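Notes for the one structure printed next.
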Amino acid sequence: MNVLVIGSGGREHALAWKISQSPRCSGLFIAPGNAGTLLVGTNVSIDTQNHKEVINFCKEKDIGLVVIGPDDFLASGIVDSLHSAGILAFGPTKSAAKLEWSKAFSKDFMNRHGIPTALSATFSTFNEALAYSKTQALPMVIKADGLALGKGVVIAQTHEEAEKTLSSFMVDEVFGESGKTVVFEEFLEGPEISIHAFCDGTVAKLFPVARDHKRAGDGNTGANTGGMGAIAPVLVSAEFLKEVEEKIVAPVMKGMAVEGAPFVGILYPGLMVTKAGIRVIEFNARFGDPEAQSYMRLLDSDLLDIMLDCVEGKLAGREIHWNTGYACTVIIASGGYPGKYTSGFPIKGLSAIADSSAVVFYAGTEKEGEEVVTAGGRVLGVSALGVTPEEAKTNAYTTVKSLQFDGMQYRSDIGANWGI
Ligand code: AMP
Ligand code: GLY
4 MNVLVIGSGG REHALAWKIS QSPRCSGLFI APGNAGTLLV GTNVSIDTQN
54 HKEVINFCKE KDIGLVVIGP DDFLASGIVD SLHSAGILAF GPTKSAAKLE
104 WSKAFSKDFM NRHGIPTALS ATFSTFNEAL AYSKTQALPM VIKADGLALG
154 KGVVIAQTHE EAEKTLSSFM VDEVFGESGK TVVFEEFLEG PEISIHAFCD
204 GTVAKLFPVA RDHKRAGDGN TGANTGGMGA IAPVLVSAEF LKEVEEKIVA
254 PVMKGMAVEG APFVGILYPG LMVTKAGIRV IEFNARFGDP EAQSYMRLLD
304 SDLLDIMLDC VEGKLAGREI HWNTGYACTV IIASGGYPGK YTSGFPIKGL
354 SAIADSSAVV FYAGTEKEGE EVVTAGGRVL GVSALGVTPE EAKTNAYTTV
404 KSLQFDGMQY RSDIGANWGI
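Note that the working numbering has the sequence shown beginning at 4, numbered continuously upward.
Take a look at the structure:
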């Protein structure tokens, strides 16, 4: 079967790497891909925003499954377009992906179905939002309703900062339509974890628990990023997993089906473990990046088999096997990321990976002649396995230290804490 992966990040390299190992995969295309996806398939430069162009490409290359990486493609309804054209696609429809692309919808959905989340209030007019903000305690969490490149959450420490945020979201419309509606949330505290589940519309099968590291600096300091590293499995009890399944994942599957938008693809709830219990911070409708990089190292089963079962509603009969070890992914980013950074620096050390347990997944990279050069904020993800958490961490950093480009930055504490 020929497979098309849409996206250009480290997540897509990891997915393509894993799919390429499937005996069922005879041809693999990535649109647009990056310098790393070139190592496992063929990059194609179609306009992925243009559904017609994607459909035409799929027909021309006889694509049997399209795998969609990023959230904005799902929000654009690409899965619906592909299905209408008779092409199988792994990912939720536009109405099911609404769990991610509208925080207002997702909060209402959780409240309708008794799913534990932060208390919230939603507003679509600036004056009402501002008046409400003045009655709220600090810090105050303000979220743009729609997708905002991971920048739509502000934790305001003062009422002035809250007003400035509301003004930039709702009046200046810095995120366009996405910020015209805002969601206020109570401020929660506790360790954060990433839950992922394969979903076929009815059945959901949980992955081991993962943890992303969103802040740029060691000890969770500095600016929010797309994610600077991911570990899995985070060590949780069987009771904890059961609670996640029963209180969060099962009600989502049931609720979405009842509301006419059965969820197919990856359901990825971001959770906070507070003193008062588990709370959903957000729903994502896709693999996390960099969680996917760690997960693809741990997944022993054939990813293509599982994805096809999800799309065909046959997940119940599929056994999914995970490596019993640990995976640690450390992101190497351009100096200055998540702020301004410069690209085009040659990357050294890629041809001889220092540790045999590590795989380097490429993100913002480009091929320039024979050289791989930097071409984005997050550049590489070094993903290593270990029999113990400590070994996975050590193996990852051995390889990180063998790679080099001008200005590179990475956190040195990914994998320092595997608990909750
Ligand atoms: P997001 O962009 O939605 O992933 O949110 C970014 C980060 O904001 C999360 O990883 C949390 O650390 C933080 N956050 C979101 N909602 C809350 C909340 N209600 N209380 C405290 N922190 C939050
Ligand atoms: N790991 C964060 C994200 O993919 O949204």
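Ideal placement from N, C-alpha and C gives every residue a C-beta, glycine not left out.
As the structure is a computational prediction, the values presented were derived from the model and not from experiment.
Any residue with its C-beta under 7 Å from a non-hydrogen atom of ligand 1 counts. Can you list them all in chain order?
Ala121, Val144, Lys146, Gly153, Gly155, Val156, Ile158, Glu188, Glu189, Phe190, Leu191, Glu192, Glu195, Lys217, Asn227, Gly273, Met275, Ile284 and Glu285
Cα-Cα separation between Ala207 and Leu318, rounded to whole angstroms
For this step, residue 207 is matched to residue 204 along the sequence shown. For this step, residue 318 is matched to residue 315 along the sequence shown. Those two C-alpha atoms are separated by around 8 Å.
Leaving aside the five residues before and after Ile423 along the sequence, list all residues of the same chain whose C-beta is less than 7 Å from its C-beta, in chain order.
In the sequence shown, counting from the first residue as 1, residue 423 sits at position 420. Counting only Cβ-Cβ distances below 7 Å, and skipping sequence neighbours, we find Pro194, Ile196, Val237, Val239 and Val276.
Nearest to Val252 (by Cα), restricted to the options Leu209, Phe364 and Ser297:
Looking up residue 252 in the sequence shown gives position 249. The shortest C-alpha separation from Val252 is found at Leu209.
For Tyr413, the three-state DSSP class (helix, strand or coil)
The sequence position of residue 413 within the sequence shown is 410, counting from 1. In the structure shown, Tyr413 sits in coil (DSSP, three-state: anything other than H, G, I, E or B).
Is Gln296 helix, strand or coil when you go by DSSP?
Translated into the one-based positions of the sequence shown, residue 296 becomes position 293. Helix, per DSSP.
Along the alpha helix (DSSP H) that carries Asn114, what are the first and last residues, could you check?
Stepping through the sequence shown from its first residue, residue 114 is reached at position 111. Note, Asn114: alpha helix (DSSP H), Lys106 to Arg115.
Lys245, buried or exposed, once every other Cβ within 10 Å from all chains shown has been counted against 16:
Translated into positions along the sequence shown, residue 245 becomes position 242. Flag for Lys245 reads exposed.
DSSP-derived helix/strand/coil call for Gly179:
Sequence index remark: in the sequence shown, residue 179 carries index 176 (1-based). DSSP places Gly179 in helix when its eight states are reduced to three.
Under the three-state DSSP convention, the category Val144 falls into:
In the sequence shown, the residue the question calls residue 144 occupies position 141. If DSSP states are grouped into helix, strand and coil, Val144 belongs with the strands.
Ile198 by DSSP, collapsed to three states: which one?
Mapped onto the sequence shown, residue 198 falls at position 195. In this structure, Ile198 counts as coil in the three-state DSSP scheme.
Are Leu406 and Ile335 close, meaning C-beta to C-beta below 8 Å?
Counting from 1 along the sequence shown, the entry for residue 406 is found at position 403. Counting from 1 along the sequence shown, the entry for residue 335 is found at position 332. Going by C-beta atoms, Leu406 is nearer than 8 Å to Ile335.
Among all the DSSP beta bridges, which residues are the ones paired with Cys331?
Translated into the one-based positions of the sequence shown, residue 331 becomes position 328. Per DSSP, Ile234 and Ala387.
Whose CA, out of Gly258, Thr40, Thr224 and Glu192, lies closest to the CA of Thr205?
Position 202 of the sequence shown, counted from the first residue, corresponds to residue 205. It is Gly258 whose Cα lies nearest to the Cα of Thr205.
Check this for me: beta carbons of Asn398 and Gly384, under 8 Å apart or not?
The residue you call residue 398 lines up with position 395 of the sequence shown. The residue you call residue 384 lines up with position 381 of the sequence shown. Not in contact: Asn398 and Gly384 (Cβ atoms no closer than 8 Å).
How many angstroms separate the CA atom of Ile66 from the CA atom of Ile158?
Taking the sequence shown and counting its residues from 1, the one referred to as residue 66 is at position 63. Taking the sequence shown and counting its residues from 1, the one referred to as residue 158 is at position 155. Going from the Cα of Ile66 to the Cα of Ile158 covers about 44 Å.
Lys137 burial status per 10 Å Cβ neighbour count (16 or more: buried)
Residue mapping note: residue 137 aligns to position 134 of the sequence shown, counting from 1. Answer is exposed; the Cβ neighbour count stays below 16.
Run through the DSSP bridge pairs and tell me what Trp20 is partnered with.
For the purposes of this step, residue 20 is taken as the residue at position 17 of the sequence shown. In DSSP, Trp20 forms no bridge with anything.
Comparing C-alpha positions only, which one of Glu262, Lys396, Lys351 and Glu294 sits nearest to Arg115?
Locating residue 115 in the sequence shown gives position 112, counting from the first residue. The residue with the shortest Cα to Cα distance from Arg115 is Glu262.
Okay, do the region 299-317 and the region 339-351 touch, 3+ Cβ pairs below 8 Å being the bar?
no
Taking only three categories from DSSP, how would you classify Ala34?
Here residue 34 corresponds to residue number 31 of the sequence shown, with the count starting at 1. If DSSP states are grouped into helix, strand and coil, Ala34 belongs with the strands.
Pro293 beta carbon near ligand 4 (any heavy atom closer than 7 Å)
By its list of ligands, the structure shown excludes ligand 4, since it contains just ligand 1 and ligand 2.
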